[in-house]
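Asker: In my numbering, the protein residues as written are 89 to 217. Using N, Cα and C, we set each Cβ at its ideal position, and we do this for glycine too. Bear in mind the structure is a predicted one, so any value in this text is a computation, not a measurement.
1) Would you call the CB atoms of residue 121 and residue 154 closer than 8 Å?
2) So, are the CB atoms of residue 129 and residue 158 less than 8 Å apart?
3) On the criterion of 16 or more Cβ atoms from any shown chain inside 10 Å, does residue 165 qualify as buried, or is it exposed?
4) Can you list, in chain order, the residues of its chain with a C-beta nearer than 7 Å to that of residue 151? Leave out the 5 residues immediately preceding and following it.
5) Just to check my reading of the structure: residue 126 and residue 162 have Cβ atoms closer than 8 Å, yes? What is that Cβ distance to the nearest angstrom?
6) Can you give me the C-alpha to C-alpha distance between residue 207 and residue 171, rounded to a whole angstrom?
7) Is residue 115 helix, strand or coil by DSSP?
8) Between the C-alpha atoms of residue 204 and residue 180, what's the straight-line distance to the nearest angstrom?
9) If we ignore side chains and look at the alpha-carbon of each, how far apart do residue 199 and residue 188 end up?
10) My output table needs one value for residue 133: the three-state DSSP class, helix, strand or coil.
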């Protein structure tokens with residue numbers, strides 16, 4: 089039995105370099121689909137801003153939604169993140185990062201809102217002197 093045919097610690101037989109799973113590396117078709125989705129997900133918000141078919145707030149919300157979808161497209165088609173990649177740890181790291189960012193953003197917005205709401209008006213400050 090040669091060195092290439094000995095099972096590893098998990099019982100898998102391979103070349104020892106971790107390249108047994110070829111689908112983790114992406115294909116031309118996958119990259120083409122990702123590229124086309126990225127172009128469409130960029131062109132639509134660009135059109136929304138240039139043509140102004142909707143109200144400003146609706147346009148802003150749609151642009152943020154398209155940005156979120158585009159991030160997912162990039163993670164799947166270009167970063168090859170899925171539940172099988174690295175035993176699921178890449179998805180766990182991503183979820184942890186998303187939770188931390190959401191906590192930081194929502195906490196910052198909460199603090200700024202309450203500081204603004206509880207701030208003394210400038211006219212009242214003149215009476216304090």
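Answerer: By the coordinates alone:
1) To locate residue 121, count along the chain shown from 1; it is residue 33. To locate residue 154, count along the chain shown from 1; it is residue 66. No, the pair does not count as a contact, with Cβ atoms beyond the cut-off.
2) Position 41 of the chain shown, counted from the start, is the residue given in the question as residue 129. Position 70 of the chain shown, counted from the start, is the residue given in the question as residue 158. Cβ distance < 8 Å, so residue 129 and residue 158 count as in contact.
3) Here residue 165 corresponds to residue number 77 of the chain shown, with the count starting at 1. Looking at its Cβ environment, which holds 16 or more other Cβ atoms inside 10 Å, residue 165 is buried.
4) The residue given as residue 151 occupies position 63 in the chain shown. Result list for residue 151: 133, 136, in chain order.
5) Here residue 126 is taken as the residue at index 38 of the chain shown, counted from 1. Here residue 162 is taken as the residue at index 74 of the chain shown, counted from 1. Under the criterion of beta carbons closer than 8 Å, residue 126 and residue 162 qualify as touching, at roughly 7 Å.
6) As a working note, residue 207 is residue 119 in the chain shown. As a working note, residue 171 is residue 83 in the chain shown. Rounded to whole angstroms, residue 207 to residue 171 spans 47 Å at the Cα level.
7) Taking the first residue of the chain shown as 1, we reach residue 115 at position 27. Of the three classes helix, strand and coil, the one that applies to residue 115 here is coil, per DSSP.
8) Counted from its first residue, the chain shown places residue 204 at position 116. Counted from its first residue, the chain shown places residue 180 at position 92. Answer to the nearest angstrom: the Cα atoms are 36 Å apart.
9) Within the chain shown, numbered from 1, the residue matching residue 199 stands at position 111. Within the chain shown, numbered from 1, the residue matching residue 188 stands at position 100. So the alpha carbons of these two residues sit roughly 16 Å apart.
10) Start at 1 with the first residue of the chain shown, and residue 133 comes out as number 45. In this structure, residue 133 counts as helix in the three-state DSSP scheme.
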